[in-house]
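Following: one structure in structure tokens, then a few remarks.
Number of protein chains: 2
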Amino acid sequence: MVFTPSLRLLAVSLVALLDPVSAIWPAPQSFTKGNSSLYLHQNLKITYNGEPVRLSTSSSSFSFPHPPNNVCGPVGPGYEGLFTKTPAQQQLAYTADYPASSLSSKEIVTAGVSRALGSIFSKNFVPWMLQPRGKLSQFEPDVYKGQKWIKSLEIVQTTKDANTTIKPALAGEVSEEYNLTLSAEGDAKLTADSYIGVLHGLETFTQLFFQHSTGTSWYTPYAPVEIKDKPKFPHRGILLDVARTFMPVKNILRTIDGMAASKLNRLHVHVTDSQSWPLQIISMPEVAEKGAYHPTQTYSPADIENIQKYGALRGVQVYFEIDMPGHIGSVSLSHPDIIVAYNEWPYQWYCAEPPCGAFKLNDTKVDDFLGKLWDDLLPRVTPYSAYFHTGGDELNRNDSMLDEGIKSNDTEVLRPLLQKFVDKQHERIRKQGLTPLTWEEIPLEWNVDVGKDVVVQTWLGPDSVKNLTSKGHKVIDSNYNFWYLDCGRGQWLNFDNAAYAAFSPFLDWCNPYKGWRHVYSHDPVANLTEEEAKLVLGGEVAVWAESIDPITLDTIIWPRASVAGEVLWSGRIDPATGQNRTQLDAAPRLSELRERLVARGVQSSSVYMTWCTQDPTGKSCEYPLV
Amino acid sequence: MVFTPSLRLLAVSLVALLDPVSAIWPAPQSFTKGNSSLYLHQNLKITYNGEPVRLSTSSSSFSFPHPPNNVCGPVGPGYEGLFTKTPAQQQLAYTADYPASSLSSKEIVTAGVSRALGSIFSKNFVPWMLQPRGKLSQFEPDVYKGQKWIKSLEIVQTTKDANTTIKPALAGEVSEEYNLTLSAEGDAKLTADSYIGVLHGLETFTQLFFQHSTGTSWYTPYAPVEIKDKPKFPHRGILLDVARTFMPVKNILRTIDGMAASKLNRLHVHVTDSQSWPLQIISMPEVAEKGAYHPTQTYSPADIENIQKYGALRGVQVYFEIDMPGHIGSVSLSHPDIIVAYNEWPYQWYCAEPPCGAFKLNDTKVDDFLGKLWDDLLPRVTPYSAYFHTGGDELNRNDSMLDEGIKSNDTEVLRPLLQKFVDKQHERIRKQGLTPLTWEEIPLEWNVDVGKDVVVQTWLGPDSVKNLTSKGHKVIDSNYNFWYLDCGRGQWLNFDNAAYAAFSPFLDWCNPYKGWRHVYSHDPVANLTEEEAKLVLGGEVAVWAESIDPITLDTIIWPRASVAGEVLWSGRIDPATGQNRTQLDAAPRLSELRERLVARGVQSSSVYMTWCTQDPTGKSCEYPLV
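Residue numbers (numbering that gives the first Met the number 0), protein chains in the order written: chain A, 0 to 625; chain B, 0 to 625.
Encoded structure:
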């Protein structure tokens with residue numbers, strides 16, 4: 000063993016001086032910054048396509064934010080510009096005041112500007128934990144001399160929106176690109192093709208600013224700034240299971256807050272499953288009355304619209320999955336005649352987890368039920384969704400053994416029935432103007448033909464992605480070995496003492512836990528040809544809910560969803576180096592994003608301990624190869 | 000494969016009717032209950048040793064609880080009887096009003112009664128999630144007819160407390176036993192030897208009651224009740240690391256709330272480490288000034304006393320660890336001359352994780368520093384602690400290679416120096432009336448002799464426990480394979496791309512995550528002789544803080560600390576069966592405890608999804624052996 004005195008501390012300090020904080024998450028495609036400080040003033044002049052943005056309904060001037068006195072929790076509702084309510088209340092107010100179709104881009108952008116200024120002035124943080132211990136003053140500008148101010152923010156949207164502004168788009172249909180510049184003289188300009196690009200640019204703008212330790216100033220140390228940015232993948236999402244464990248509306252809205260901050264743009268709500276059916280269906284109230292865990296654990300039509308509209312205003316398209324023909328047992332509680340194998344035992348013979356339950360595959364009553372369901376539900380979601388997900392994962396052949404009309408588990412018998420079932424439902428979904436999504440088992444395990452318009456969601460890994468894209472299918476990737484965020488926290492099943500020896504230490508099926516570094520290392524297009532890669536629309540992290548609930552939700556999702564978000568927005572490869580992005584580059588920026596999420600009320604887990612975050616190079620906590 | 004129709008649903012329902020909810024966590028040593036319902040009334044007559052317990056400072060009658068209107072979060076501060084403030088504020092008020100030595104048992108018990116009634120009336124829950132879907136009405140009594148009321152709660156403490164009521168006790172010195180009876184006629188009686196026994200009994204009392212779905216009634220469905228209870232192990236604790244990540248006082252107090260609810264009685268605060276020194280030392284302010292992450296991340300002497308007193312009032316003894324001679328690098332920031340190898344690199348040569356840093360082992364300046372430290376700190380903690388932990392884990396021999404006074408990593412050279420160091424510090428700690436604790440490496444790895452009064456904390460497993468107890472040492476067990484609660488959530492170190500292949504998927508050293516079922520399966524006295532087992536005082540779950548912080552703290556600790564708590568209070572073996580306690584028995588009771596923790600403001604993770612909790616037998620989510 001050799002004992003060499005190390006120059007490491009000195010080296011760390013030098014690097015720290017060169018690049019104190021790298022700022023933006025996800026990394027922009029192109030980003031240059033300087034080292035001049037500029038302050039943001041409450042009288043900032045903001046224009047949208049040449050017209051002044053008026054931030055208060057009662058006054059045309061932007062008034063200084065005063066957080067309410069009775070703030071709850073670590074960070075209160077804070078200043079929202081147009082709104083003085085919590086995000087949930089704000090959304091409800093918006094819903095009441097403005098039907099979706101009447102919202103203009105100007106109104107959406109105005110709300111976005113208001114949120115951005117609220118994030119900067121009222122939901123910000125003093126970054127002492129991102130700077131070397133006791134050295135914050137070397138990062139912060141001197142607030143007492145020579146303050147230079149940002150004078151204006153000019154927002155230009157280069158294409159006009161459609162008549163119905165909130166038009167749910169398919170992947171790639173709407174440009175999300177934006178350019179953001181901030182001159183050393185204090186002129187900021189944000190240009191984008193669409194209002195969604197403007198919203199992304201505003202999020203980036205907020206990430207330039209910190210609260211000063213003196214408390215009443217907000218500054219960026221990075222002027223001049225020049226950012227050109229656009230996403231690598233058009234579909235960047237979270238799958239949220241609200242059927243195994245119900246998630247209240249406010250938790251879903253807070254999830255959307257975190258998504259907007261991370262430039263994630265798709266919230267896939269897995270809204271029903273065999274365990275519960277929380278979705279109120281107006282024409283069939285019995286389904287949720289019997290199928291929900293409790294009357295308080297349901298989503299009313301107004302809840303659904305509020306969630307979708309809240310997302311749409313933040314650039315997040317919310318779409319729903321009703322998983323079928325498996326994973327639908329809860330319908331048995333109201334319509335037992337159309338379900339087989341509900342809660343059959345031992346469950347392993349009939350499904351992946353209790354309770355089992357699947358639609359009968361050859362029964363017109365199933366078709367009648369679904370016709371009624373689609374007619375009721377689909378027109379309500381189409382104003383905000385371009386997609387509808389019909390599930391299709393983990394259908395167990397044995398279910399049909401118990402189906403009096405089939406009594407077979409022979410794939411040759413079942414496949415044509417499943418083909419007919421899928422064709423019928425997808426056609427109905429298309430008729431409502433929606434594009435179907437399906438899990439990979441439908442085309443890959445069952446060899447069911449689905450149209451090329453259908454987006455196939457994979458979870459079983461890169462072979463599935465390759466297989467599907469080589470056949471010309473559009474794919475979104477949710478590789479369970481990397482992007483299943485609920486994994487690795489232990490079994491949720493009970494084991495009798497007789498099973499002890501075989502199952503100790505009671506790991507879950509997708510153990511281990513996917514730490515953020517592992518999440519970050521996944522590239523959905525690795526080992527694909529260029530043609531195949533073009534068909535990968537993006538991916539979704541999955542948040543299944545056997546073992547999580549509203550209390551743990553935020554800590555499970557964040558910051559890991561943002562980590563996948565950077566892979567999907569910026570790409571796994573850093574264009575500057577041509578190499579995979581490194582943990583060393585990511586950790587300090589992610590630590591900063593995490594503080595911003597927390598300041599905005601999203602209860603994100605930490606990236607690593609303060610000892611590590613206080614080294615902006617990340618090197619103090621790098622594993623040294625010896 | 001055989002397809003047999005199953006009688007399981009019927010069987011489940013029958014069992015559910017027989018034993019709808021088992022209630023108490025941890026399981027009492029003896030517990031019989033009936034099926035008569037009794038309501039609790041605000042005019043309940045409560046006596047302590049024959050005298051009425053007066054619950055309001057302004058009035059002698061117990062007034063109906065009105066939760067404040069501007070409640071924050073899912074559950075507000077609620078009713079606290081004597082107090083109208085949050086638990087933290089309440090403790091501060093108590094500290095200001097009552098010096099510890101003047102607190103009588105009556106005052107402590109009165110506060111305990113007040114908290115118990117607050118838990119029942121204001122921090123309770125409607126147990127629909129613990130009953131079959133839609134069947135809550137079969138569990139709840141009919142609130143509109145024939146209400147029977149609990150008339151009185153008679154509390155009897157059979158031994159008189161010492162003059163100084165809060166006298167910190169060694170393991171086993173104070174009886175924690177209690178008996179609780181509730182007659183079908185509504186007479187409740189709680190008997191205990193000590194006020195700590197009374198506090199435990201009051202916690203059990205709260206667990207008998209639910210809120211009625213009609214909202215304004217609170218009932219127990221279990222009368223008549225007879226409970227005889229006492230702990231198996233006298234030391235039932237949590238080790239909380241507040242040095243790697245600072246935990247604010249309020250989070251520590253909330254942790255104590257959860258401990259009291261679970262009958263855990265020792266909070267071991269690992270208050271310093273190489274990463275930071277948050278502990279203010281009056282005579283050496285520079286240590287925390289330089290050693291803390293930030294001026295806001297320190298504990299003042301008042302903070303320390305508040306934390307200890309808050310615990311003492313709830314039956315939780317708070318004691319501190321200053322880890323040495325390793326794990327002390329942060330002292331280098333104020334006293335560089337007494338530390339070697341601070342932040343040396345590559346860290347693997349000098350310590351277990353960055354930054355390294357150890358006391359010089361043969362330097363009188365270290366002794367001077369520690370003399371000053373002990374004189375300052377120890378008199379401040381002795382009113383509430385019987386113990387002080389001097390650490391001693393993971394000392395790396397190579398540190399002394401860099402020590403100019405030693406320049407050796409030879410154990411034969413280092414062992415006598417370490418012996419002298421440990422002897423000196425332990426003797427100083429004994430002189431202040433405290434009993435030293437040490438990590439197992441001191442006696443086992445270094446063969447340093449420690450007195451038989453010293454309690455040795457093990458973390459490396461059953462061989463260490465056997466080894467130490469066979470030599471006559473008292474032991475507390477923190478087996479890292481079972482009871483390290485922060486494990487299994489991924490690496491916190493950054494890995495360069497060059498290290499990618501070797502370290503993907505970036506698991507931490509003590510992977511996997513210890514799910515509650517695994518935590519529950521650990522018996523600290525397994526495979527010991529009777530004599531050896533007697534020396535095991537109990538155990539502690541460990542909450543190290545490289546990867547957690549105030550946001551994740553509760554979800555990491557709870558409910559798993561309560562799970563270890565049942566092993567330590569009730570024993571791994573169920574005396575009724577002579578077998579290990581089962582997950583099937585535990586899961587429904589733990590699910591209930593979890594709801595109580597959440598209702599009291601402790602953000603516990605869930606036990607499993609609602610589908611599972613809604614079967615009070617736990618069988619719907621049992622893994623069937625096929």
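Every residue, glycine too, gets a C-beta built ideally from N, C-alpha and C.
Selection K166/B, L417/B, S329/B evaluated against D366/B yields L417/B as nearest (Cα-Cα). Under the 10 Å beta carbon count, W557/B is surrounded by 16 or more other beta carbons and is classified as buried. Taking C-beta atoms as the reference points, T434/A and Y479/A fail to come closer than 8 Å. The beta-carbon of C620/B is placed less than 8 Å from the nearest beta-carbon of chain A. Across the set H211/B, V197/B, G432/B, Q274/B, the C-alpha of V197/B shows the shortest separation from the C-alpha of T158/B. Taking the C-beta atoms as reference points, I195/B is found nearer than 8 Å to V173/B. Under the three-state reduction of DSSP, P126/A is assigned to helix.
For Q307/A, the uninterrupted alpha helix (DSSP H) run begins and ends at 300-311, by DSSP.
Residues of chain A whose Cβ lies closer than 8 Å to the Cβ of N579/B are, in chain order, N496, Y499. Counting the other Cβ atoms within 10 Å of the Cβ of N264/A gives 16 or more, which makes it buried. In this structure, E439/A lies away from Q424/A, with their beta-carbon atoms at least 8 Å apart. Any Cβ of chain B closer than 8 Å to the Cβ of M608/A would place that residue at the interface, and such an atom is present. Burial state of P335/B is exposed, judged by a 10 Å Cβ sphere holding fewer than 16 other Cβ atoms.
Under the three-state reduction of DSSP, N510/B is assigned to coil, being neither helix nor strand. Within chain B, no C-beta atom comes nearer than 9 Å to that of R253/A; the closest sits roughly 13 Å away.
P504, F505, L506, D507, N510, P511, Y512, K513, G514, W515, R516, H517, S520: these are the residues of the stretch 504-523 of chain A whose beta carbon lies less than 8 Å from some beta carbon of chain B, given in chain order. Between the beta-carbon of E343/B and that of L401/B there is about 7 Å, and that keeps the pair under the 8 Å contact cut.
In chain order, R253, D256, G257, D553, W557 place their CB closer than 7 Å to the CB of V601/A, counting only its own chain and leaving out the 5 sequence neighbours on each side. Runs of the beta strand (DSSP E) spanning 3 or more residues and lying entirely within the stretch 168-194 of chain B occur at 177-181, 186-191, in chain order. For L152/A, the beta-bridge partners assigned by DSSP are I45/A, A187/A. The C-beta of T554/A comes closer than 8 Å to at least one C-beta of chain B. Setting aside the 5 residues that flank it on each side, G432/A is surrounded in the same chain by T381, each with a C-beta closer than 7 Å to its C-beta; the list follows chain order.
DSSP places N446/A in the coil class of the three-state scheme, outside both helix and strand. The residue from T551/A, N579/A, C509/A with its alpha-carbon nearest to that of Y499/B is N579/A. Within 9 Å of the CB of R243/B, the CB atoms of chain A belong to M608, T609, W610, in sequence order along the chain. Below the 7 Å Cβ cutoff, chain A contributes Y292 as neighbours of R132/B, in chain order. The stretch 502-511 of chain A makes no contact with the stretch 519-537 of chain A; the number of CB pairs closer than 8 Å stays below 3. Under DSSP, I572/A forms a beta bridge with N579/A. Three or more beta-carbon pairs drawn from the stretch 266-278 of chain B and the stretch 324-341 of chain B are found closer than 8 Å, and the two stretches are therefore classed as touching. The alpha helix (DSSP H) runs of length 4 or more contained entirely in the stretch 213-266 of chain A are, from start to end of the chain, 248-261. Per the coordinates, the alpha-carbon of G145/B lies some 56 Å from the alpha-carbon of V454/B.
Along the stretch 534-553 of chain A, going in chain order, the ones with a CB nearer than 9 Å to a CB of chain B are A544, E545, S546, I547, D548, P549, I550, T551, D553. K364/B sits in a helix when the DSSP states are folded into three classes.
Across the set K44/A, P140/A, D392/A, K229/A, the C-alpha of D392/A shows the shortest separation from the C-alpha of D322/A. The beta-carbon of S561/B is placed no less than 8 Å from the nearest beta-carbon of chain A. Counting of Cβ neighbours within 10 angstroms places N178/B among the buried residues, the total reaching 16 or more.
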